[in-house]
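For the sequence shown, the numbering used here assigns the number 888 to the initial residue and increments by one for each residue that follows.
Note that beta-carbon positions come from the ideal geometry of N, C-alpha and C, so glycine has one too.
These figures come from a predicted structure and were not determined experimentally.
Reviewing the structure listed below.
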Amino acid sequence: MKVIAVNGSPREDGNTAAALRAMADVLKGEGIETEIVHVGGKLIPGCIGCGHCFSSEGNICVFKDDAVEENVMKIRAADGIILGAPTYYAGIPGPMKSFLDRVFFSSSRYLKYKVGTAVTAVRRAGGADVVHQLMNYFNLAETVTPPSQYWTIVYGMDKGEALKDEEGMQTVRKNARAMAWLLKVIDASKGKIPLPPTEKREFTNFIR
Ligand SMILES: Cc1cc2nc3c(=O)[nH]c(=O)nc-3n(C[C@H](O)[C@H](O)[C@H](O)COP(=O)(O)O)c2cc1C
């Protein structure tokens, strides 16, 4: 089984990365491989709502040659996904938002019943907002999410400071352990317990 962990910080060795590495270590101990991909700080155009990904073969985004094209197929193929981002103005940094809008708009249909979780690094406040924003992508993609003891937030400002946040690091480790358990439960259910039946999707758009 494989997990893709997305680092949406421009700092490849910052606090978000420290949390993702701690989670990857836990997953490795459980026999699950994690690849950390860095997308923060790259130039990533935002979704333009053109609908190309709905109609094109393979549901491919109209924009090419960037971090979305580089990583979208890996994300579709993964068993689990971790979204990591620093907190910027109580929100997701711009390039990461562009990345996620385009990946999830084009690929949610491929992510149902995968395991997804999210983590943020923050100096002081706004971290819970970012965890909620990241989890919104999973909620609408019909993924399942592992628990932990608290919101998956690590505190720190300068690179590596989050490693001193013992409770935060414990929270993300526990989340990764729960993710491993959930991945194994889903894997063991294959061929035995079918996914729940679905319904034709209704779109009412609140106009009548
Ligand atoms: C543009 C910008 C906005 C930020 N906004 C917030 C904020 O709203 N709340 C906060 O507590 N820290 C804020 N920070 C601090 C970062 O969240 C913090 O340094 C975090 O550890 C960075 O994670 P990283 O090392 O993974 O990049 C901000 C930092 C930057 C550069």
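Among the options, which has the Cα closest to the Cα of residue i?
i     : options                    : result
S942  : L1082, K1061, F992, Y1000  : F992
A1015 : G938, A965, T1039          : T1039
Y1000 : T1032, M910, M983          : T1032
Y1037 : M1056, R963, M1044         : M1056
V1017 : P1083, T903, R898          : T903
K1061 : R1011, A1005, D1074, T1030 : A1005
A964  : F1090, D1045, S994, S1076  : S994
A1008 : V893, G901, A892           : G901
R1088 : H1019, R1010, I891, E1029  : E1029
S1035 : N1023, L1069, T921, V893   : L1069
V955  : V893, A906, V1002          : V893
V890  : P1083, Y975, N958, F986    : N958
P932  : E920, K951, I923           : K951
K929  : S1076, Y976, P897          : P897
Whole angstroms are fine: how far does the CA of residue j sit from the CA of residue i?
i     : j     : result
D912  : T1058 : 14 Å
R996  : F1025 : 11 Å
G916  : D953  : 32 Å
P973  : K1051 : 17 Å
L970  : I1094 : 33 Å
L1027 : M888  : 23 Å
K1044 : G918  : Position check: residue 1044 holds Met in this sequence, whereas Lys was assumed. M1044 and G918: Cα-Cα distance of roughly 32 Å.
N946  : H939  : 8 Å
E899  : G1078 : 39 Å
E839  : D966  : The question about residue 839 has no answer here: the residues shown for the chain are numbered 888 through 1095.
G1013 : V1041 : 12 Å
F1090 : E1048 : 46 Å
I1096 : R1011 : This structure gives no information on residue 1096, because the portion of the chain shown stretches from 888 to 1095.
A1065 : A905  : 19 Å
L907  : C937  : 33 Å
N1023 : E1053 : 27 Å
M960  : G1003 : 16 Å
Using a Cβ-Cβ cutoff of less than 7 Å, which residues in the same chain neighbour residue i once the five nearest sequence positions on both sides are dropped?
i     : result
M983  : G895, V926, G927, A972
D1074 : M888
Could you check if residue i belongs to the surroundings of ligand 2, using beta carbon to heavy atom distance under 7 Å?
i    : result
S943 : By its list of ligands, the structure shown excludes ligand 2, since it contains just ligand 1.
Within a Cβ cutoff of 6 Å, which residues of the same chain sit near residue i, ignoring the five residues on either side of it in sequence?
i     : result
A1063 : M910, V913, L914
C934  : D988, R989, F992
A1067 : L914, E917, I919
E922  : I891
Within a Cβ cutoff of 8 Å, which residues of the same chain sit near residue i, ignoring the five residues on either side of it in sequence?
i    : result
I979 : G895, A972, L987, V1017, Q1020, L1021
Starting from the N-terminal side, write out each stretch of the alpha helix (DSSP H) that is 4 residues or longer and does not extend beyond the segment 900-937.
902-916
If we require 3 or more residues per run, which beta strand (DSSP E) segments fall completely within the segment 943-985?
967-973
Output the residue ranges of the beta strand (DSSP E) runs that lie fully inside the segment 1009-1083 and measure 3 residues or longer, sorted by chain position.
1040-1042
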